[in-house]
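Working notes, beginning with the structure itself.
Protein chains in written order, with our numbering: chain A, 22 to 251; chain B, 3 to 212.
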C-alpha cells in the first residue's frame, strides 16, 4: 500500500471494474440513443465526462454544508445547472456538433451515473479524489460509448470517423475511413435494437475477458502448491 | 415539535439559496454566450439558404428580408417565415419552409426555393425521422433524388402530373421507399400552388409591426 494506491484504484474502477456502462449499466438512455457513429459517441462521452467532473467537484466541495435530508434535490439542482451551462457553451463553441447531439445533451441530466457518483462517491470524499473519480468514471463511460459507436458504424455504414469535421474542424474531413467499398449497410446496427444487441455483446466480451484473467490467476496461484505436494 | 419546524424552515432556506446560486450561474453563462449563439445560428441559416441559389443571382440581405405568412396547409398551423431573394431590388426568388406531414415516421421539414417565374430551383430536407438507409435517400448527402424537382414548374409539368410514378404521376420515387417520396412530392406541389396564388404579394415589403 503506497499513498498512490487509492488513486490507482479510482482509475481502474472507473475505466474497468466498475465501468458505469458495462458493469453498473447506468446511463443507458443517452448511451443507446447516440452511439450510432464514433464521432457522436465521442461527443456525448466527452460532454458527460465534463458534467461528471464538474458535478463531482461541486458536490465534494459543498459536502459539509449540504444537509443530508435535502442532499438529493441539491444534487439534482447542481447537475441540471451544470448541464444547462454545458449545453449553452456547446451551442456557442461547437455549433455543428450541437446540431447533431443537441437533443441528447439535456438527456445527460437523466444519466443516473452522474447522480450516482455524486451520492455514492463525491459526497463522501475530498475534492481531488472526487475530481479523479468523475474524470475516470466519465472516461470509462466514453470508452464504452466509443466502442459501441465504432462497432455500430462499421457494421451499419461500413465507415469509421465519418463527420469528424463536426468536432475537429475542416481538416478532419479526410479522416473518414471507408472500410468496405460499395457496402450497402446493415440497417439493424444503426437502429435502436442494434444498440441493445451491440451493448449486450460488448458486456459479454468484457465478462469473458475478466473470466479468462481470473482463470489465469488461479492456475498460477495453484501451481506452487501442487509442486509442494509431490 | 418547534425544533422540527425550525429545522424544516432552515432546510427550505438552504435549498432556496442553492437554487438562487444555480439560477445565477446559468443566467451568467446564458448572457455570456448569447451573442455567439445568435451569430452561429445566423451563419448556419445563411449557409443553408445560400446553398439553394447561385451566389451571383441575388445581392440582398437574405436573412432579414423575410415575409411572415399564416398558411395552415404548408406549415401545420405555424407561421411561415419566407425568405426573399432580390437583385437590384427586383424579385429573384423565394425560399419557403414547408412541412410534409405524411412522412413514414412523422413530419419532414423542407426548404423549397422557387424563382420568380414559378420554377423550382432547389429543394432541401432540413429535418426528418425517416428510417436510416431506406427513407433517408432524400438527403442531398446520400443521393441526388431531391434534384428531380430542379427546373420543374406547372408550365413544364401539368399540376396533375406532380405525383410519384406509382400513383400515376411523372416523378420518380426512390428504391426502398414510396411513402417518403410521396409525402415530399405532395408538399413541394402544395408549395408551388401557394406560390402561384400569392406571387405578387410574396415580394411586398412587410408592414412594420409594433
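Think of the CB as a built atom: it goes at the ideal place given N, C-alpha and C, for glycine as much as any other residue.
- In this structure residue 119 of chain B is in contact with residue 155 of chain B, their Cβ atoms being roughly 7 Å apart against a cut-off of 8 Å.
- Between residue 138 of chain A and the set A/113, A/25, A/240 and A/42, the nearest pair of CA atoms involves A/42.
- DSSP lists B/114 as the beta-bridge partner residues of residue 98 of chain B.
- According to the DSSP assignment, residue 89 of chain B belongs to the beta strand (DSSP E) that extends over 81 to 89.
- Within the model, the alpha-carbon separation for residue 165 of chain A versus residue 132 of chain A is close to 14 Å.
- Looking at B/14, B/85, B/185 and B/10, the one whose alpha-carbon comes closest to that of residue 103 of chain B is B/185.
- By the Cβ neighbour-count rule, residue 108 of chain B is exposed, with fewer than 16 other Cβ atoms within 10 Å of its own.
- Residue contact check for residue 127 of chain B against chain A: no CB pair falls below 9 Å.
- Rounded to whole angstroms, residue 73 of chain B and residue 115 of chain B show a C-alpha spacing of 17 Å.
- Scanning its chain for C-beta atoms nearer than 8 Å, with the 5 sequence neighbours on each side dropped, one finds around residue 68 of chain B the residues 83, 84, 85, 86 and 208, in chain order.
- Residue contact check for residue 88 of chain B against chain A: no CB pair falls below 9 Å.
- Taken in chain order, the unbroken stretches of alpha helix (DSSP H) that lie wholly in the segment 171 to 245 of chain A and span 4 residues or more are 186 to 189 and 208 to 211.
- In the DSSP annotation of this structure, residue 84 of chain A is not part of any beta strand (DSSP E), being labelled neither H nor E.
- Cβ contact annotation for residue 180 of chain A (same chain, cutoff 7 Å, sequence separation greater than five): 174, 197, 198, 199 and 200, in chain order.
- At a Cβ-Cβ threshold of 9 Å, residue 25 of chain B and residue 106 of chain A do not count as neighbours.
- Residue contact with chain B for residue 177 of chain A: present (Cβ-Cβ distance below 9 Å to some residue of chain B).
- Check the Cα spacing between residue 208 of chain A and each of B/173, B/8 and B/138: the tightest is with B/138.
- When rounded, the separation of the alpha-carbon atoms in residue 154 of chain A and residue 101 of chain B is 47 Å.
- The Cβ of residue 99 of chain A sits closer than 9 Å to at least one Cβ of chain B.
- Residues of chain B with a Cβ closer than 9 Å to the Cβ of residue 91 of chain A are, in chain order, 13, 14, 16, 17 and 20.
- According to the DSSP assignment, residue 182 of chain B belongs to the alpha helix (DSSP H) that extends over 181 to 204.
- The DSSP-derived three-state label of residue 20 of chain B is helix.
- Taking every protein chain shown into account, the CB of residue 71 of chain A has 16 or more other CB atoms within 10 angstroms, so this residue is buried.
- For the segment 32 to 53 of chain B, the residues whose beta carbon sits under 7 Å from a beta carbon of chain A are, in order, 32, 35, 38, 39, 42 and 46.
- Counted as a single uninterrupted DSSP element, the beta strand (DSSP E) harbouring residue 72 of chain B occupies residues 68 to 72.
- In the three-state scheme derived from DSSP, where H, G and I count as helix and E and B as strand, residue 176 of chain B is classed as strand.
- Excluding the 5 residues flanking it on each side, residue 96 of chain A has same chain C-beta neighbours closer than 7 Å at 80, 136, 139 and 140, in chain order.
- Residue burial is scored here from C-beta neighbours: residue 164 of chain B has at least 16 other C-beta atoms within 10 angstroms and is therefore classed as buried.
- At least one beta carbon of chain A lies nearer than 9 Å to the beta carbon of residue 134 of chain B.
- A contact is defined here as three or more CB-CB pairs under 8 Å, and the segment 52 to 59 of chain A meets this definition with respect to the segment 117 to 129 of chain A.
- DSSP, read as helix, strand or coil, puts residue 144 of chain B in coil.
- Residue 124 of chain B sits close to residue 113 of chain B, with the two beta carbons spaced by under 9 Å.
- When rounded, the separation of the alpha-carbon atoms in residue 191 of chain B and residue 38 of chain A is 58 Å.
- Residue range 122 to 129 is occupied by the beta strand (DSSP E) that includes residue 128 of chain B.
- The Cβ of residue 114 of chain A sits closer than 9 Å to at least one Cβ of chain B.
- Interface annotation, residue 140 of chain B: not in contact with chain A, CB-CB separation never under 9 Å.
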